[in-house]
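Visitor: I'd like to ask some things about the structure below.
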Amino acid sequence: MRKPHIRSVAVAVAVATAATGLAGTAFAGPTTGEARSVASVTDSAAVVTAARTAAFAHASATGVSTGDELRAQDVMLDPEGARHVRFERTHNGMPVLGGDLVVHLDHKLAYTGVTRAAGQTVKPAAATKAKLTAGQAAAKAARAAKGEAGTAQLVVDARDGASALAYQVTVTDQDGTNTVVVDAVTGKVRSNTPDSDQFLSPKLVKSLQKSGVTATPSTGDAHAAALSRADAPTGARTAFPSAANGTGKTLYVGSVGLTTTQTSRGHYQLADPSRYGTEVRDAKGKSTESFNAGTKFTGTSNVWGNGATSNRASAAADAQYGITKTLDFYKKTFGRKGIADNSKAAHGLVHWGNKVANAFWDPTCNCMLYGDGDGQTFKKPLVVLDVTGHELTHGVVDSTAKLEPTYVDADGNQYGEPGALNESLADIFGSNVEFYANNKQDTPDYLIGEKLGLAQKFLRRLDHPSLDKLEGTIDYWTPDTYYTEVHAGSGVSSHAYYLLAEGSGKKTINGVAYNSPTYNKSTVKGISRTKATAIFYRALTRYMVSTTDFHGARLATLQAAKDLYGANSTEYKTVNQAWAAVNVTAANTPAAKH
């Protein structure tokens, strides 16, 4: 559950680099330039105004009504002329949970359609009055999440077909925060959701610990020679702080180049001024959600770590490398400036918590949190490259569609298709970060967590998800997918993506053997990873909302393929084939929401 966060009218303008969304970018390395159109804040304001006006003029389609206010979260201007405005909704001043929508316009700002999260009226009945006080709701939330409750805020809960008056409360404990929604009339806890996105589900962590599994991570070459890099230009006085070229001696990918900050002559900080000040700090075992509470990594050599856990900066070098590669992937591929597309720094805290066998994206601090492992199952920090790409993609989803789990059990395991789609997108783009980085110590592949050292050689995989026996990941959709834990359920859309990119059957890529099956025994011919990724990114940013399920994702990717390549294109037809191959079709779309 994400707490509402609304950007002002000077919203970030995400502009695709070309009609394909990729401008011919090869994922193995950086591009030499970016062809993009530029829109002013004034242009964006005009688009927002037109979209808001269109939403009320087409109320029967958009679902907005008297008492609603639409606040722009994002504006996207496509090179071919289409405009898309993502709105969050309030009703009589109350935030509407599950009330988000995207209004679509043509190049003349005429209404062309809407993507909406709630398919029903979102206002509570006129006679509905809160029977609980804010204090009573906060007390109930505190008991449910076993922590200290903040101020209770009245909201309209429009999720899952509801239209209920409720209180939303943030509850904090030593491990982080939960968002709890309490019915304002009945007092029932409607949802209790962790705010952070975990790489490993509580269910899997418990299973691994119970079985006594010990992961033995494969690491990079700790003794690789340091890169030859100049700290600063010679022959001229340098103004401080300034960018400097440093070296990271990482745990997993050997010696890598890092852009750092020279704070004074001979003194450096692990912060990258060329990427908005992106920085990693040391949490020193605290379970803090405040980046500023972390200790800065500083030094006099501009070499960070020694390739082993004996040096606290080794994990920081991995994290900084992974974060900057993820930022570069999104910028070079899609023109996305930062995780929230707002040209702001990405942050990470390593050595987070006490014996934490996990890594998280935490929207409270808008940063990555990396545990050091529990000392039993995981004996090294979880700072692997695809873990970072996965978790930071949760941040991208959080700033766009905000895909939410449908429900959470008492142990914190999350369920439901929107949450599973969120996990899938994190795996899809996390894998793409590996392909973009093209690091010889971490061969690009369609495997997730292959460097963690698990006995099955990976945590999840995109080509044949059910080969993951640890989480019980599924290959195909069934009506029971709604009740599947989100990491396990992610296989449906991850499999569809792989089939779209690479096709079915046997294939060897970078020395890794794949053999992707299909539900209907069909043969799917892939359209390339470049095109498949462009389609999924466009679908996420333009056509997905907080309640999008797998059938909704099918429609979103079909629309994205139509935008990019045309309704009669091979790409469009292959999107349809890929979803059918995982048993997601128009014919088996569920008639009603759960």
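Sequential numbering of the sequence shown, starting at 3, is according to the numbering used here. Note that beta-carbon positions come from the ideal geometry of N, C-alpha and C, so glycine has one too.
(1) Measuring straight from C-alpha to C-alpha, what distance separates residue 105 and residue 490?
(2) Label residue 145 either buried or exposed according to how many other C-beta atoms from any shown protein chain fall within 10 Å of its C-beta, with 16 as the threshold for buried.
(3) Might you give, ordered along the chain, the residues of its own chain that have their beta carbon closer than 6 Å to the beta carbon of residue 509, omitting 5 neighbours on each side?
(4) If distances are taken between C-alpha atoms only, which option among 80, 47 and 243 comes closest to residue 270?
(5) On a Cα-Cα basis, can you pick out the residue from 80, 240 and 380 that is closest to residue 110?
(6) Return helix, strand or coil for residue 581, following the three-state DSSP convention.
(7) How many angstroms separate the CA atom of residue 372 from the CA atom of residue 198?
(8) In whole angstroms, what separates the C-alpha of residue 278 from that of residue 295?
(9) Check whether the Cβ of residue 322 lies closer than 8 Å to any Cβ atom in chain C.
(10) I need the straight-line Cα distance from residue 496 to residue 130, nearest angstrom please.
(11) State the beta-bridge partners of residue 175 as determined by DSSP.
(12) Helix, strand or coil, according to DSSP, for residue 351 in the structure here?
(13) Could you work out which residue in 506, 354 and 204 is closest to residue 528 when comparing CA atoms only?
(14) Taking one C-beta from the region 135-151 and one from the region 89-99 each time, how about it: are there three or more such pairs within less than 8 Å?
(15) If you measure between the beta carbons of residue 369 and residue 293, is that distance less than 8 Å?
(16) Any idea what DSSP makes of residue 384, helix, strand or coil?
(17) For residue 342 and residue 480, I'd like the C-alpha separation in whole angstroms.
(18) Is it buried or exposed, residue 304, if we count other Cβ atoms within 10 angstroms and call 16 or more buried?
(19) Identify the residues that DSSP records as bridge partners of residue 169: which are they?
(20) Does the region 357-367 come within contact of the region 387-400, defined as at least 3 CB pairs closer than 8 Å?
(21) Taking C-alpha atoms, which residue in 524, 406 and 487 lies nearest to residue 181?
(22) Under 7 Å Cβ to Cβ from residue 382, same chain only, skipping five residues before and after it: list those, please.
(23) From residue 500 to residue 546, what does the alpha carbon distance come to, in whole angstroms?
(24) Would residue 592 be called buried (16 or more neighbouring beta carbons within 10 Å of its own) or exposed?
(25) So the candidates are 125, 410, 49 and 201; which of them puts its Cα closest to the Cα of residue 167?
(26) Use the C-beta contact count for residue 458: other C-beta atoms within 10 angstroms, 16 or more gives buried, fewer gives exposed.
(27) Can you tell me where the alpha helix (DSSP H) holding residue 111 begins and where it ends?
(28) Determine the closest residue to residue 337 out of 536, 122, 581 and 267, with distance taken between C-alpha atoms.
(29) Please state if the CB of residue 355 and the CB of residue 287 are separated by a distance shorter than 8 Å.
(30) For the pair the region 179-196 and the region 130-139, tell me if three or more CB-CB distances fall below 8 Å.
(31) Taking the alpha-carbon positions, what's the residue 232 to residue 324 distance?
(32) Under 8 Å by Cβ, that's how I've got residue 579 and residue 524 pegged, so tell me the actual separation to the nearest angstrom.
(33) Within its chain, find whatever has a CB closer than 7 Å to the CB of residue 208; leave out the 5 residues flanking it on each side and keep chain order.
(34) Near residue 557, which residues of its chain fall below 8 Å by C-beta distance, leaving aside the five closest residues on each side in sequence?
(35) Is it buried or exposed, residue 82, if we count other Cβ atoms within 10 angstroms and call 16 or more buried?
(36) Answer with buried or exposed for residue 192, where buried requires no fewer than 16 other C-beta atoms within 10 angstroms of its C-beta.
Guide: For this structure:
(1) Within the sequence shown, numbered from 1, the residue matching residue 105 stands at position 103. Within the sequence shown, numbered from 1, the residue matching residue 490 stands at position 488. Cα atoms of residue 105 and residue 490: separation of roughly 32 Å, rounded to the nearest angstrom.
(2) Walking along the sequence shown from the start, residue 145 turns up at place 143. Residue 145 is exposed by the Cβ-count criterion.
(3) Taking the first residue of the sequence shown as position 1, residue 509 is located at position 507. Around residue 509: 516.
(4) Taking the first residue of the sequence shown as 1, we reach residue 270 at position 268. Closest option to residue 270, Cα to Cα, is 243.
(5) Along the sequence shown, read from residue 1 onward, the residue named residue 110 stands at position 108. With distances taken between Cα atoms, residue 110 lies closest to 80.
(6) On the sequence shown, position 579 is the one that residue 581 refers to. In this structure, residue 581 counts as helix in the three-state DSSP scheme.
(7) Here residue 372 refers to the residue found at position 370 of the sequence shown. Here residue 198 refers to the residue found at position 196 of the sequence shown. The C-alpha of residue 372 lies about 12 Å from the C-alpha of residue 198.
(8) In the sequence shown, residue 278 corresponds to position 276, counting from 1. In the sequence shown, residue 295 corresponds to position 293, counting from 1. Each residue's Cα considered, the two are about 20 Å apart.
(9) The structure shown has no chain C; it contains just one protein chain.
(10) Working through the sequence shown from its first residue, we reach residue 496 at position 494. Working through the sequence shown from its first residue, we reach residue 130 at position 128. Rounded to whole angstroms, residue 496 to residue 130 spans 42 Å at the Cα level.
(11) Reading the sequence shown from its first residue, position 173 is the one you call residue 175. Answer is 178.
(12) Position 349 of the sequence shown, counted from the start, is the residue given in the question as residue 351. Here residue 351 sits in strand by DSSP.
(13) Looking up residue 528 in the sequence shown gives position 526. Of the candidates 506, 354 and 204, the residue whose Cα lies closest to the Cα of residue 528 is 506.
(14) No contact exists between the region 135-151 and the region 89-99.
(15) For this step, residue 369 is matched to residue 367 along the sequence shown. For this step, residue 293 is matched to residue 291 along the sequence shown. Their beta carbons are under 8 Å apart, which means residue 369 touches residue 293 by this criterion.
(16) One-based indexing of the sequence shown puts residue 384 at position 382. DSSP, reduced to helix, strand and coil, places residue 384 outside both helices and strands of the structure shown, so it counts as coil.
(17) Taking the first residue of the sequence shown as position 1, residue 342 is located at position 340. Taking the first residue of the sequence shown as position 1, residue 480 is located at position 478. The straight-line gap from Cα to Cα measures roughly 33 Å.
(18) Against the sequence shown, residue 304 aligns to sequence position 302. The residue in question, residue 304, is buried, as its Cβ has 16 or more Cβ neighbours within 10 Å.
(19) Here residue 169 corresponds to residue number 167 of the sequence shown, with the count starting at 1. Paired residue(s): 156 and 184.
(20) Yes, since at least three Cβ pairs between the region 357-367 and the region 387-400 fall closer than 8 Å, the two stretches touch.
(21) On the sequence shown, position 179 is the one that residue 181 refers to. Ranking the options by Cα distance to residue 181, first place goes to 406.
(22) Within the sequence shown, the letter at position 380 stands for residue 382. If we look at residue 382 and ignore the five residues flanking it on each side, its Cβ neighbours are 219, 253, 311 and 375.
(23) On the sequence shown, residue 500 is found 498 positions in, with the first residue counted as 1. On the sequence shown, residue 546 is found 544 positions in, with the first residue counted as 1. Distance between the alpha carbons of residue 500 and residue 546 is about 19 Å.
(24) Locating residue 592 in the sequence shown gives position 590, counting from the first residue. Within a 10 Å sphere around the beta-carbon of residue 592 sit fewer than 16 other beta-carbons, which makes this residue exposed.
(25) Translated into positions along the sequence shown, residue 167 becomes position 165. Minimum Cα distance to residue 167 is reached at 125.
(26) Here residue 458 is taken as the residue at index 456 of the sequence shown, counted from 1. With fewer than 16 Cβ atoms within 10 Å of its Cβ, residue 458 is classed as exposed.
(27) The residue given as residue 111 occupies position 109 in the sequence shown. That residue, residue 111, is in no alpha helix (DSSP H); it is neither H nor E in DSSP.
(28) Along the sequence shown, one-based indexing puts residue 337 at 335. Residue 536 is the option with its Cα nearest to residue 337.
(29) For the purposes of this step, residue 287 is taken as the residue at position 285 of the sequence shown. For the purposes of this step, residue 355 is taken as the residue at position 353 of the sequence shown. Yes. Within cutoff.
(30) Segment contact: the region 179-196 against the region 130-139, three or more CB-CB distances shorter than 8 Å; contact assigned.
(31) Position 230 of the sequence shown, counted from the start, is the residue given in the question as residue 232. Position 322 of the sequence shown, counted from the start, is the residue given in the question as residue 324. Note that residue 232 scores 41 on pLDDT, short of 50, meaning its location in the model is unreliable; the coordinates nonetheless yield the value given after this. Between the C-alpha atoms of residue 232 and residue 324 there is a straight-line separation of about 22 Å.
(32) Counting from 1 along the sequence shown, the entry for residue 579 is found at position 577. Counting from 1 along the sequence shown, the entry for residue 524 is found at position 522. Rounded, the Cβ-Cβ distance is 7 Å, consistent with contact.
(33) One-based indexing of the sequence shown puts residue 208 at position 206. For residue 208, there are no CB contacts under 7 Å within the same chain when 5 residues up- and downstream are skipped.
(34) For this step, residue 557 is matched to residue 555 along the sequence shown. Answer for residue 557: 545, listed in chain order.
(35) As a first step, residue 82 must be located in the sequence shown, where it is residue number 80. Counting every other CB atom within 10 Å of its CB across the protein chains shown gives residue 82 a total below 16, marking it as exposed.
(36) As a working mapping, residue 192 is identified with position 190 in the sequence shown. Around the C-beta of residue 192, 16 or more other C-beta atoms lie within 10 Å, and the residue is accordingly described as buried.
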